[in-house]
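As given, the protein sequences belong to chains A, B and C, one line each in that order. According to full-length UniProt numbering, the first sequence holds residues 1 to 260 in order. According to full-length UniProt numbering, the second sequence holds residues 1 to 644 in order. According to full-length UniProt numbering, the third sequence holds residues 1 to 262 in order. Everything below concerns the one structure shown next.
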Amino acid sequence: MSEFKQTFNSSLGKKLLMALTGLFLCTFLIVHLGGNLLLFKHDQGFAFNSYANFLTHFPPIEVVAYLLYLAILVHSIYALVLTIKNRRARPVGYAVQSKSPQSWSSKNMGLLGAILLLFIVIHMGDFWFTYKYNNILGFKEYRTNQITGETTVTAFTPSNPDFERSYATENNVEIVRVKDLHARIQWSFSHLWYVAFYVIAMGAVSFHLLHGFQSAFKTLGWVHKKYNGIVYFIGTWLFAVIIPVGFALMPIVYYIQSLS
Amino acid sequence: MSLDAKIPQGPLAEKWSKHKFNLKLVNPSNKRKYDIIVVGTGLAGASAAASLAELGYNVKAFCFQDSPRRAHSIAAQGGINAAKNYQNDGDSVYRLFYDTIKGGDYRAREGNVYRLAEVSVNIIDQCVAQGVPFAREYGGLLDNRSFGGSQVSRTFYARGQTGQQLLLGAYSALNRQIHLGKVKMYTRHEMLDVVTIDGHAKGIITRNMKTGAIDTHAGHAVLLCTGGYGNVFYLSTNAMGSNVTAAWRAHKRGAYFANPCYTQIHPTCIPVSGDHQSKLTLMSESLRNDGRVWAPKTVEVAEKLRKKEITAAQVKEDERDYFLERKYPSFGNLVPRDVASRNAKEVVDEGKGVGGSGFAVFLDFAEAIQRLGEDTVRAKYGNLFDMYYQITDENPYQQPMRIYPAVHYTMGGLWVDYNLSTNVPGLYALGECNFSDHGANRLGASALMQGLSDGYFVIPYTLGDYLATIGPKAVDTSHPAFEQTKQDVVDYVNKLLSLKGNKTVSEYHRELGHIMWEYCGMARTAEGLTKAKAMIQALKADFWKNAIVTGENEEFNAALENAGRVADFIELGELMVDDALMRRESCGGHFRLESQTPEGEALRDDENYAFVAAWEFKGENQPEELHKEELVYENVKLTQRSYK
Amino acid sequence: MSGHMNLTLKVWRQKNAQTPGKFVTYKAENISPDMSFLEMLDVVNESLTHKKEDPIHFDHDCREGICGMCSLYINGRPHGPKRAITTCQLHMRSFSDGETITIEPWRSAAFPIVKDLATDRSAFDRIQQAGGYVSVNTGGVPDANSTPIPKVIADEAFNSATCIGCGACVAACKNASAMLFTSAKITQLGMLPQGQPERYSRVQAMVAQMDQEGFGNCTNTGACEAECPKEITLNNIAFMNNDFFSAKLFREQHAHDHTGGE
Chain A
1 MSEFKQTFNS
11 SLGKKLLMAL
21 TGLFLCTFLI
31 VHLGGNLLLF
41 KHDQGFAFNS
51 YANFLTHFPP
61 IEVVAYLLYL
71 AILVHSIYAL
81 VLTIKNRRAR
91 PVGYAVQSKS
101 PQSWSSKNMG
111 LLGAILLLFI
121 VIHMGDFWFT
131 YKYNNILGFK
141 EYRTNQITGE
151 TTVTAFTPSN
161 PDFERSYATE
171 NNVEIVRVKD
181 LHARIQWSFS
191 HLWYVAFYVI
201 AMGAVSFHLL
211 HGFQSAFKTL
221 GWVHKKYNGI
231 VYFIGTWLFA
241 VIIPVGFALM
251 PIVYYIQSLS
Chain B
1 MSLDAKIPQG
11 PLAEKWSKHK
21 FNLKLVNPSN
31 KRKYDIIVVG
41 TGLAGASAAA
51 SLAELGYNVK
61 AFCFQDSPRR
71 AHSIAAQGGI
81 NAAKNYQNDG
91 DSVYRLFYDT
101 IKGGDYRARE
111 GNVYRLAEVS
121 VNIIDQCVAQ
131 GVPFAREYGG
141 LLDNRSFGGS
151 QVSRTFYARG
161 QTGQQLLLGA
171 YSALNRQIHL
181 GKVKMYTRHE
191 MLDVVTIDGH
201 AKGIITRNMK
211 TGAIDTHAGH
221 AVLLCTGGYG
231 NVFYLSTNAM
241 GSNVTAAWRA
251 HKRGAYFANP
261 CYTQIHPTCI
271 PVSGDHQSKL
281 TLMSESLRND
291 GRVWAPKTVE
301 VAEKLRKKEI
311 TAAQVKEDER
321 DYFLERKYPS
331 FGNLVPRDVA
341 SRNAKEVVDE
351 GKGVGGSGFA
361 VFLDFAEAIQ
371 RLGEDTVRAK
381 YGNLFDMYYQ
391 ITDENPYQQP
401 MRIYPAVHYT
411 MGGLWVDYNL
421 STNVPGLYAL
431 GECNFSDHGA
441 NRLGASALMQ
451 GLSDGYFVIP
461 YTLGDYLATI
471 GPKAVDTSHP
481 AFEQTKQDVV
491 DYVNKLLSLK
501 GNKTVSEYHR
511 ELGHIMWEYC
521 GMARTAEGLT
531 KAKAMIQALK
541 ADFWKNAIVT
551 GENEEFNAAL
561 ENAGRVADFI
571 ELGELMVDDA
581 LMRRESCGGH
591 FRLESQTPEG
601 EALRDDENYA
611 FVAAWEFKGE
621 NQPEELHKEE
631 LVYENVKLTQ
641 RSYK
Chain C
1 MSGHMNLTLK
11 VWRQKNAQTP
21 GKFVTYKAEN
31 ISPDMSFLEM
41 LDVVNESLTH
51 KKEDPIHFDH
61 DCREGICGMC
71 SLYINGRPHG
81 PKRAITTCQL
91 HMRSFSDGET
101 ITIEPWRSAA
111 FPIVKDLATD
121 RSAFDRIQQA
131 GGYVSVNTGG
141 VPDANSTPIP
151 KVIADEAFNS
161 ATCIGCGACV
171 AACKNASAML
181 FTSAKITQLG
191 MLPQGQPERY
201 SRVQAMVAQM
211 DQEGFGNCTN
221 TGACEAECPK
231 EITLNNIAFM
241 NNDFFSAKLF
251 REQHAHDHTG
261 GE
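Here it is as structure tokens:
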């Protein structure tokens, strides 16, 4: 067995992969939230649709995206492998449930992770897959007068079925034609059950990261009295509060908007 | 058989080095042809097994616990002495030797004790090299503290867990040899007999405690490192499993038992709280560095304290008797253990004891807390204070501890010569299991020193001499002596299992303990001892009629194990009483009321009792025969000990 | 008698590793609050013995919290409800009259049951044997004061060295992981200068043995740290992880590879 294979087959090696993939996914969340904040812009989806278009057509992002899918896969598979191994380590359980002091989230990482995986599958199916491979999305045309800065929006129906996007400037008017993911989002988030599902999933993100972020640091061995406080602070406030709340606000705000 | 201690001739300081040179050596390539059996894996056993395996011998090590790391050496709290003189306070090998001889009340061998002091310095080096985390000063060098019976600071320590850290060091050395395949470790195995062939020890019989299998093991030599027999008193600071069985069975196969009545009563233990009590907990002697021992001056005040009408803090300074400081101004609270214990007993006997039962005196830290601050006291003794709080539900930071003496260590044990060999060739005894170095009283922090000295630095030299003499001819268990001895053990086990009476083994044990504590404890009289002997004999007869031993051999059977151990304790108890009766003098922790100075201090009788009493087993229910090894003092002058 | 308690015990009884076990209910009567938990069991065993029944088997020895032999999973917690003590140091004043106490053995695939409440923890010994030592022979070592060690390092190493090998960490861990135990020795020796020469081979050897014994994996839940009678912290596990990754990914040393004696 090669040295590396041996390393990643060991208990600690598997944990290392969990920690690294986990932290990578954490950094993705920051970027993802940042981009999605464009949804709060009142521009009929211009910025957001442009951003979505950019993400799907900029090659370096494509590479990162595949890394991301790989990380999700590795994180899930190793979680499963470790969970099975952990179950085998205690074939006969206790009659009395553990009363040892330990946080709820740390005991339920598997459950939380399973909710998140389900969420990711549905989420990607609804937006990413729909965007990339499904031809049900419409297009929008954004015309911006570069002098006045005014933008007008109209629906756009391409004549060519393979049309993806176009970008042109005519007479100081910038014309951007892109897929209208924004409309899809508006439509999706007008369903209460769908919004509820998103909010629950963001709750799972919160608890998963409340433990997961600082746990990853411990697994990597990056523990030091002087920095532990910072790690806890970031893990709690950024990853367990700001990010999930930020994400959860999107469906909620869109739902409220859909009511009026 | 004559008792030749084989102490080398010549000046004290040269005895050991000359002896080492004179000992025969085993050729390195021949060492692997020898099999050595080590029973017990405490400090002495683990260090011996590891050191012998390092030399190249094949070692089989046995312990009754589930891991060698559990041996009761682990519970030693305070520290280990070594004549390093790191403190520049006048210590030397000779001073450690002198303190130990004097502390032992001039009943130990000069040669042995000097060797002990000499190798003490190597022990510290060895342990540090193994990664034992001793306490250190801010400059990074080793810290020391003071212990009873000495006026220098020479005790190395690792918080209140020195024994644990030293044992884990020896355990790690043992583990390394197990990993290398040089030691084969047998856990949950109890040694039940020694096999002798032509007068030489050639193996042992063990019982696998999980399956009940009775097995034979052959070796060129057998090392007993099985600890002390304090549990003969039922209540002691020993672990529940500590027992005399291995040593006692060896005794019954011919090994002499020396000074059995020399037991150490430790002054600072947590008092008994009720009949349910299964063992006593020691509070380290190091507490006497800062704690002050006192009792009320009058019976009236003591009475009020016992009835909880007043608290200790309400007792005014002039109503308190700091009796150790008053009687022994130069050593104060740091007098040796026997002196501290005897004085506590005296105070209690006068009716000035405190606590619910009246069987306690105070160990007070109020002054230390005031002088050093609570944080410093916590840093020094925190774990001991916590332990006290946990057991008694009383906070020692706020009220004085209650302490009372309890059986802690046994200086007596199998008789061994300078080479640690018993009178049975090939059978060795190391550590607390032998009688050798502490005389009639052991100084604090000396037990760890002796266990490791025997195991690391004595036996690796002396054993080779015997092995070279007998030669590397293979030994195996095919000799009929093995089958015969094994049959004896099987019969004995069956005899125990047939006991289906009406009294539990623990009840017998408790009764034996009462007899021993009452008549063969801190104060003894001829009358009491004679009475005790008859009581023990009656107890023994009753045990073999009415004891209950449940279960069968072919299972994990704690009842059976305990029955065998208690049966041996009963027999040992009788020998201890015989020994105490014979020794009509006060020495060490052993106070004969018939032998005291006009001031009531212990009075030794050097003219008649400056000898080691080695007892020979002469058959079941036969009186044992006494052999005397005269103690020769060429370097120290025998004086009445004074710590005033 | 006033102040004394009557309790109901639900105790796991199992003749040996091969025979299936079950809970049996016993009454513990007239129990003094000053008794230790094990003394309470002694009382029950005495009465069973009088009835010629097989006493409850449990491991115990020093009864002062240092040998690590006692265990017992009491009402859902290893060593019972109090922090930083072993079962033998647990007193009955921590329970109330009339209470039902459930007593189970440590549950772990790596700790097979020997009888009733006693388990076989030799897996711990094998982990230590794999590398939990400094390879020095007796004799020929330098003077103890030749290598100064900063007090804070010595103290930290001591905090790790204080492990008693009881197995409460494994018992408490939802994954039955032995990482706290394994890392304590790795940290102790890894911090001290004496442990440096074998630092990176030791961690690999001990982790490999730990994996082989069938313990679970750490999820940094912290139950081990909360239940450890010697309060060994999760930082030890982080130290082990760090050394392990460093050894595997960036260093030349391999796991201990001993070829034997002379």
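Yeah, the Cβ is synthetic: ideal placement off N, Cα and C, and Gly gets one too. This one's a predicted model, so the numbers in the text were calculated from it and none came from an experiment.
- Given a length threshold of 3 residues, the stretch 68-133 of chain A has no whole run of the beta strand (DSSP E) inside it.
- In the DSSP annotation of this structure, B:His590 is not part of any alpha helix (DSSP H), being labelled neither H nor E.
- Looking at the backbone, the Cα of B:Lys533 and that of B:Val416 are separated by about 27 Å.
- Comparing C-alpha distances from C:Ile127 to each of B:Arg176, B:Val132 and B:Lys20 shows the shortest one belongs to B:Arg176.
- Taking 7 Å as the threshold, the shortest C-beta distance from B:Ile548 to chain C falls below it.
- Of all alpha-carbon atoms in B:Arg371, B:Tyr418, B:Ala340 and B:Lys473, the one lying nearest the alpha-carbon of B:Gly444 is that of B:Ala340.
- Annotation for B:Ser284: no beta strand (DSSP E) segment contains it, and DSSP assigns it neither H nor E.
- Using a Cβ distance threshold of 7 Å, B:Val566 and B:His509 count as a contacting pair.
- If you check each beta-carbon in the stretch 213-241 of chain A against every beta-carbon of chain C, the ones closer than 7 Å belong to Ser215, Lys218, Thr219, Leu220, Gly221 and Val223.
- At a cut-off of 7 Å between beta carbons, C:His79 makes no contact with chain B.
- Using a Cβ-Cβ cut-off of 7 Å, C:Lys248 counts as an interface residue toward chain A, since at least one Cβ of chain A sits closer than that to its own.
- Taken in chain order, the complete beta strand (DSSP E) segments of 3 or more residues contained in the stretch 351-390 of chain B are 361-364.
- Burial check for C:Glu227: the Cβ neighbour count within 10 Å reaches 16 or more, so the residue is buried.
- Secondary structure note for B:Ala614: its beta strand (DSSP E) is the uninterrupted segment Phe611 to Glu616.
- Within the stretch 209-248 of chain B, complete beta strand (DSSP E) segments of at least 3 residues are found at 214-218 and 221-224, given in chain order.
- By the rule that beta-carbons nearer than 7 Å mark a contact, A:Asn108 does not touch chain C.
- Every beta strand (DSSP E) of 3 residues or more that sits fully in the stretch 110-196 of chain C is shown, in chain order, as 113-115.
- At a Cβ-Cβ threshold of 7 Å, B:Ala75 and C:Cys218 do not count as neighbours.
- A:Pro251 has a beta carbon lying at 7 Å or more from every beta carbon in chain C.
- Within the stretch 555-584 of chain B, those residues whose Cβ lies closer than 8 Å to any Cβ of chain C are, in chain order, Glu555, Phe556, Ala558 and Ala559.
- In terms of beta-carbon proximity, B:Gly228 stays away from the interface with chain C, with every pair separated by 7 Å or more.
- Neighbours of C:Lys151 across chain B, judged by C-beta separation under 9 Å: Ala135, Arg136, Glu137, Tyr138, Gly139, Gly140 and Asp143.
- At a Cβ-Cβ threshold of 7 Å, B:Gly230 and B:Asn243 do not count as neighbours.
- Taking all protein chains in view, the Cβ of B:Glu309 is surrounded by fewer than 16 other Cβ atoms within 10 Å, so the residue is classified as exposed.
- Near chain A, meaning a CB-to-CB distance below 8 Å, the residues of the stretch 208-227 of chain C are Ala208, Met210, Asp211, Gly214, Phe215, Gly216, Asn217, Cys218, Thr219, Asn220, Thr221, Gly222, Ala223, Ala226 and Glu227.
- Beta bridge pairing from DSSP links C:Gly216 with C:Ser177.
- Take the alpha-carbon of A:Phe28 and the one of A:Gln102: they are about 28 Å apart.
- Taking a cut-off of 8 Å on C-beta distances, the stretch 149-156 of chain A does not touch the stretch 13-21 of chain A, as fewer than three cross pairs fall below it.
- Contacts between C:Arg251 and chain A, judged by CB atoms closer than 9 Å, are missing: the closest CB pair is about 11 Å apart.
- Chain-ordered listing is empty here: chain A has no CB closer than 9 Å to the CB of C:Ile232, the nearest sitting near 14 Å.
- Put simply, the CB of C:Ser32 is near chain B, with a gap under 7 Å to one of its CB atoms.
- Per the coordinates, the alpha-carbon of C:Val170 lies some 5 Å from the alpha-carbon of C:Ser177.
- Segment contact: the stretch 462-481 of chain B against the stretch 217-225 of chain B, three or more CB-CB distances shorter than 8 Å; contact assigned.
- Residue contact with chain B for C:Ile66: present (Cβ-Cβ distance below 7 Å to some residue of chain B).
- The distance from the Cβ of A:Phe48 to that of A:Leu39 is about 5 Å, consistent with a contact at the 8 Å cut-off.
- With a threshold of 7 Å between beta carbons, B:Ile270 makes no contact with chain C.
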